[in-house]
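Read through the structure below, which is laid out as structure tokens, and then see the notes.
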Ligand code: 5GP
Ligand code: ZN
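In our numbering, the protein residues as written are 1 to 114.
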């Protein structure tokens, strides 16, 4: 079966600019940044979205938010703020079918999203 692009990045088969990695998640810079800081935080399990998580999966998502907080502090985004985005499915604008969280910052972000 063909692997998704994020599984290939997790396995090192596609290069990425990593900012953090542990046994549960990897975080790397988005190839097409929408803000001065645009990091993707990606659980290492291949699950399409929050709709498919079991209890262990929800614990990994809690870990994602801990990692996001640490990355935001390291990149000095904690003073002015930032945004964490999780797109789900077609209407949510999800283009990669492997659960991931966008950490966006470094500029004033608009609301509501388009
Ligand atoms: P989504 O639209 O699914 O929420 O977000 C997918 C994100 O993955 C997009 O922001 C896109 O730029 C990013 N992306 C897609 N392919 C690659 C890749 O090969 N490398 C990196 N670093 N980012 C990617
Ligand atoms: Zn995958």
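Don't be surprised by glycine CBs; every beta carbon is placed ideally from N, CA and C.
These numbers were taken from a predicted model, which means no experiment stands behind them.
Shortest gap from the CB of residue 84 to any heavy atom of the ligand 5GP: 7 Å or more.
For the pair of segments examined, the segment 5-17 was found not to touch the segment 52-61: the number of CB pairs separated by less than 8 Å stays below three.
Relative to the Cα of residue 97, the nearest Cα in the group 105, 104, 86 belongs to 86. Within the segment 34-93, the complete beta strand (DSSP E) runs of at least 3 residues fall at 37-43, 82-85.
Rounded to whole angstroms, the separation of the alpha carbons of residue 55 and residue 83 is 25 Å.
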